[in-house]
Amino acid sequence: MFKALEELGEVMKAVPDVQDIEDEKFDMNFSLIYFTQESAEKVKAAIENVSEIKEAVVGEFKLPKQEAAKAEEPAAKESKIVPEPKQAGAAAVQKDTKKETEKKPEKKSAKPAVGRTVRVDIEKLDVLMNLVSELIIAKNGLVSISSNTQDTRNDNSFNEQIEYLESVTTNLHESVMKVRMVPIESVVNRFPRMIRDLSKKLDKKMELHMTGEDTELDRTVIDEIGDPLQHLLRNSADHGLESNEDRIALGKSEVGNIWLNAYQDGNNVNIEVRDDGAGINIEKVRNKALEKGMITPEQAEVMTDKEIIDLLFQPSFSTADKITDVSGRGVGLDVVKTKIEGLGGNIECRSVIGEGSSFIIHLPLTLAIIQALMVELGNEKYAIPLGSIQTIEDVPFSDIKYVQTKEVINLRGTVIPLIRLDQILDVESAAQDQESLTVVIVKKGDKQAGLVVDNLIGQQEVVIKSIGSYINCSKIISGATILGDGEIALILEVNTLV
-17 MFKALEELGE VMKAVPDVQD IEDEKFDMNF SLIYFTQESA EKVKAAIENV
33 SEIKEAVVGE FKLPKQEAAK AEEPAAKESK IVPEPKQAGA AAVQKDTKKE
83 TEKKPEKKSA KPAVGRTVRV DIEKLDVLMN LVSELIIAKN GLVSISSNTQ
133 DTRNDNSFNE QIEYLESVTT NLHESVMKVR MVPIESVVNR FPRMIRDLSK
183 KLDKKMELHM TGEDTELDRT VIDEIGDPLQ HLLRNSADHG LESNEDRIAL
233 GKSEVGNIWL NAYQDGNNVN IEVRDDGAGI NIEKVRNKAL EKGMITPEQA
283 EVMTDKEIID LLFQPSFSTA DKITDVSGRG VGLDVVKTKI EGLGGNIECR
333 SVIGEGSSFI IHLPLTLAII QALMVELGNE KYAIPLGSIQ TIEDVPFSDI
383 KYVQTKEVIN LRGTVIPLIR LDQILDVESA AQDQESLTVV IVKKGDKQAG
433 LVVDNLIGQQ EVVIKSIGSY INCSKIISGA TILGDGEIAL ILEVNTLV
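Per our numbering, residue -17 is the first one in the sequence shown, and the count goes up by one each step.
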């Protein structure tokens, strides 16, 4: 809710304070003093658009000119979130809440100063991160020069300085990233109340078990992950868990369980939402997809259970028998998938009928600087994120087989489809005189694919630069990076390719 309000104006004061609101230390209502240029109706609509707000009462009052000028001056200095000048009007807002409110970015400011914390504008951190990025590009340039130079007189001294610079830039990058990291607790601490309210609304007994609240993510990711997690928890409560009577009849505990687990896995953070409910009825999903014309009868016969479950992430798809204000509108899982992939992550679903379902979100720790494998295709260079790579294989042409006219390889008992990047990217491949292909095996959840490349250059720390909509194939290109020699390399989006 605070995030929605800050897009329209500036919250000047909260009663009780923001920290108490975040920690649920308030009754069923709270008040805000809010400066904005928007109408009271627009502010009221923005507040009530948050599902956890039951009702908002908005009133206006005017400040004397002298007081308004004093109020505007510190507000303008304090934050750059709202660049336009504030008018002297203020809105006093009082809300009745059903559940906990959205996270407010200034949560840290309301804490006691025991931890000696300093509030930093996210825009200033972005500038600092950009400077670190430029430093890494400069470092890569020196590394490139040192590897190509013909003068060997001062090689040892020069290489020592390069190694020292590399150590400094790595430590600086890690330090900046730590400043940007925020515990996921700031997002999930409102979910216990939401589950309690859903328990009453759905007339189901349920408990939420959370672990890993201290797991940290980049602030940019934290700001966007709340809604997808809320979708998944509502989905588990409404669709996943059976009614109290059904659970008793099945020999289960009357109280349904939902788990929210977060943990770090290498350069990724995994967030799992799991329940011990009925699981996903594969046949029901298959029949619903046939009814909607999403698949043909021929496709339905050969599709695996995993492929059937993946249909749940298609737009406007829902197996709910009735539409409620909790779920069943078909706008849940596809929105979750789109949001997660927009953050550079992916989501997978596992389910066992009668035992429950599990949704696992894989997210990158950072969105700015990554470790990547540099490869060549023809005369062009591309970067593949290292976190998506399983192995690199030398595949003889004789090992390539065909399944439904598509190239595949059998790698240690696993059938993996081949993706010819030169065909997808419309790049003229280098002449292949060898008797084998260089294949980079990448993964997305439990899916794998083999990317065919011409040559391997090596591992490198790359800075992700946005390219917007400048190229047509932007869905398979997540960004670009500047190499040490000044060349531009495109970064491949593995989630789209696999």
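Don't be surprised by glycine CBs; every beta carbon is placed ideally from N, CA and C.
Item                                                                                                                                                                                         : Value
Look up Val357 in the DSSP assignment and say whether it is helix, strand or coil.                                                                                                           : strand
Run the CB neighbour count on Thr348, radius 10 Å, all protein chains shown included, and call it buried at 16 or more, exposed below.                                                       : buried
Given this structure, state the Cα-to-Cα distance separating Asp408 from Glu(-11), to the nearest angstrom.                                                                                  : 42 angstroms
Quickly, what does DSSP pair Leu419 with across the bridge? List them, please.                                                                                                               : Val377
According to DSSP, is Met111 helix, strand or coil?                                                                                                                                          : helix
Tell me, to the nearest whole angstrom, how far the beta carbon of Leu107 is from that of Arg162; I am working on the premise that it is less than 8 angstroms.                              : 6 angstroms
Hey, would you say Met511 sits closer than 8 angstroms to Leu294, going by beta carbons?                                                                                                     : This structure gives no information on residue 511, because the portion of the chain shown stretches from -17 to 480.
In terms of residue numbering, what span does the beta strand (DSSP E) encompassing Ser333 cover?                                                                                            : Asn328 to Val334
Alpha carbon to alpha carbon, how far is Lys319 from Leu355?                                                                                                                                 : 26 angstroms
So is the beta-carbon of Val377 under 7 angstroms away from any non-hydrogen atom of the ligand ATP?                                                                                         : Absence of the ligand ATP from the depicted structure is noted, as is the absence of any ligand whatsoever, leaving it without description.
Give the straight-line distance between the Cα atoms of Gln416 and Ile439, rounded to the nearest whole angstrom.                                                                            : 18 angstroms
Is it buried or exposed, Tyr16, if we count other Cβ atoms within 10 angstroms and call 16 or more buried?                                                                                   : buried
Would you call Ser300 buried or exposed, if buried means 16 or more other Cβ atoms sit within 10 Å of its Cβ?                                                                                : buried
So, with DSSP's three-state summary, where would you put Ala28?                                                                                                                              : helix
Report yes if the C-beta distance between Lys186 and Leu211 is below 8 angstroms; otherwise report no.                                                                                       : no
Taking a contact to mean a Cβ-Cβ separation below 8 angstroms, would you say Gly326 touches Pro297 in this structure?                                                                        : no
Near Thr478, what residues of its chain come up, given a Cβ to Cβ distance below 7 angstroms and the 5 sequence neighbours on each side ignored?                                             : Lys457 and Ile458
With H, G and I counted as helix, E and B as strand and the rest as coil, what does DSSP make of Met285?                                                                                     : coil
If you scan the segment 244 to 280 from start to end, which runs of the beta strand (DSSP E) of 3 or more residues do you find wholly inside it?                                             : 250 to 257
Check the DSSP bridge columns for Ala471 and list the partner residues they point to.                                                                                                        : Thr463
From Ser418 to Val476, what distance separates their C-alpha atoms?                                                                                                                          : 23 angstroms
When the Cα of Glu358 is compared with those of Asn250, Val421 and Thr387, which residue comes out closest?                                                                                  : Val421
Which residues bound the alpha helix (DSSP H) around Ile446?                                                                                                                                 : Counting along the chain, Ile446 falls outside any alpha helix (DSSP H), and DSSP gives it neither H nor E.
Would you mind working out which of Val169, Ile401 and Leu147 sits nearest Val435, comparing C-alpha positions?                                                                              : Ile401
Should Leu113 be labelled buried (16 or more other beta-carbon atoms within 10 Å of its own) or exposed?                                                                                     : exposed
State yes or no: is the C-beta of Asn361 within less than 8 angstroms of the C-beta of Gly427?                                                                                               : no
Helix, strand or coil for Asn171, going by three-state DSSP, please let me know.                                                                                                             : coil
Nearest CA to the CA of His191: which residue from Leu242, Asn226 and Ala(-4)?                                                                                                               : Leu242
Just the C-alpha distance for Glu60 and Lys(-5), rounded to the nearest angstrom, thanks.                                                                                                    : Any reading at Glu60 needs caution, since the residue's pLDDT is 40, under 50, leaving its predicted position unreliable; the model's value is listed next. Cα to Cα, Glu60 sits roughly 13 angstroms from Lys(-5).
Which value, in whole angstroms, describes the spacing of the CA atoms of Gly41 and Lys24?                                                                                                   : 12 angstroms
Might you give, ordered along the chain, the residues of its own chain that have their beta carbon closer than 6 angstroms to the beta carbon of Thr151, omitting 5 neighbours on each side? : Leu117, Ile118 and Lys121
I'd like to check one pair, Ile398 with Ile391: are the Cβ atoms closer than 8 angstroms?                                                                                                    : yes
Are Gly194 and Tyr245 closer than 8 angstroms when you measure CB to CB?                                                                                                                     : yes
Can you tell which of Leu393, Ile446 and Tyr364 has the C-alpha that lies nearest to the C-alpha of Leu472?                                                                                  : Tyr364
In the DSSP output, what is His344 paired with across the bridge?                                                                                                                            : Asn252 and Asn328
Is it the case that the Cβ atoms of Gln353 and Val424 are separated by a distance below 8 angstroms?                                                                                         : no
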